Each structure stands twice: as C-alpha cells, then as structure tokens.
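Novice: The numbering of the sequence shown is numbering that gives the first Met the number 0, which starts it at 0 and goes up by one.
Structure provided below as structure tokens; questions to follow.
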Amino acid sequence: MLDLAAECFDPPTLHALAKLRLSPTMAAKVNRLAEKANEGTLSARERTEYQSFIRTSELLSLIQLRARQKLRLPIKAS
Numbered sequence: 000m001l002d003l004a005a006e007c008f009d010p011p012t013l014h015a016l017a018k019l020r021l022s023p024t025m026a027a028k029v030n031r032l033a034e035k036a037n038e039g040t041l042s043a044r045e046r047t048e049y050q051s052f053i054r055t056s057e058l059l060s061l062i063q064l065r066a067r068q069k070l071r072l073p074i075k076a077s
C-alpha cells in the first residue's frame with residue numbers, strides 16, 4: 000500500500016518527506032515521555048499520547064524509507 004502511495008508523490012514531495020524531522024520541542028516532549036515510560040510512571044493520558052507517537056513514528060519511518068528508495072537516496076538508520 001505504501002508503494003502505491005509513493006507513486007502518487009512528485010520528486011519535491013518525496014524529498015520533503017525524506018527530510019521530515021521532529022521539531023526540537025516535540026523531540027524533547029517525546030524524550031520526556033520515553034523516560035517516564037522506562038521508569039513506569041506514565042499517566043494513562045501520557046501512555047496514550049506516547050503510544051500514538053510510536054505508531055505515527057513507525058508509519059512515518061516506512062513512508063520515508065519508500066521515499067528514499069524511490070529517489071534512490073541512501074537509506075538512513077534510525
């Protein structure tokens with residue numbers, strides 16, 4: 000399904016997807032949630048937010064992989 004989606008994007012869009020990164024503010028928030036998850040101190044609301052971020056991050060990683068493959072860019076390790 001992601002392969003079909005990748006066919007719909009033009010090269011500038013694929014490049015933008017491949018370069019997409021979290022803002023420093025969002026990265027700091029995710030890091031705080033990760034620390035709390037490791038400590039076992041997440042509230043129910045924080046757990047839901049953190050799990051949502053993980054699912055979104057996994058999907059974005061797959062989309063970026065397909066974009067890099069289509070553009071024949073080096074595949075970056077996470």
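C-beta atoms are modelled at their ideal positions from N, C-alpha and C, and glycine is treated no differently.
On a predicted model such as this, the values are computed, not experimentally measured, just so you know.
#1: For Arg31, does the count of other Cβ atoms within 10 angstroms reach 16, so buried, or fall short, so exposed?
#2: Tell me whether the beta-carbon of Leu59 lies closer than 8 Å to the beta-carbon of Leu13.
#3: Could you give the residue range of the alpha helix (DSSP H) that holds Lys18?
#4: Looking at the secondary structure, which residues open and close the alpha helix (DSSP H) in which Thr47 lies?
#5: Starting from the C-beta of Lys69, find all residues in its chain whose C-beta is less than 6 Å away, skip the five residues before and the five after it, and write them out in chain order.
#6: I'd like the span of the alpha helix (DSSP H) that includes Met0, first residue to last.
#7: Does Leu32 come out as helix, strand or coil in the three-state DSSP assignment?
Specialist: Taking the structure as given:
#1: exposed
#2: Taking 8 Å as the Cβ cut-off, Leu59 and Leu13 do not qualify as a contacting pair.
#3: 10-18
#4: Where Thr47 is concerned, the enclosing alpha helix (DSSP H) stretches over 43-70.
#5: Ala5, Leu13
#6: From DSSP, Met0 is part of no alpha helix (DSSP H); its letter is neither H nor E.
#7: helix
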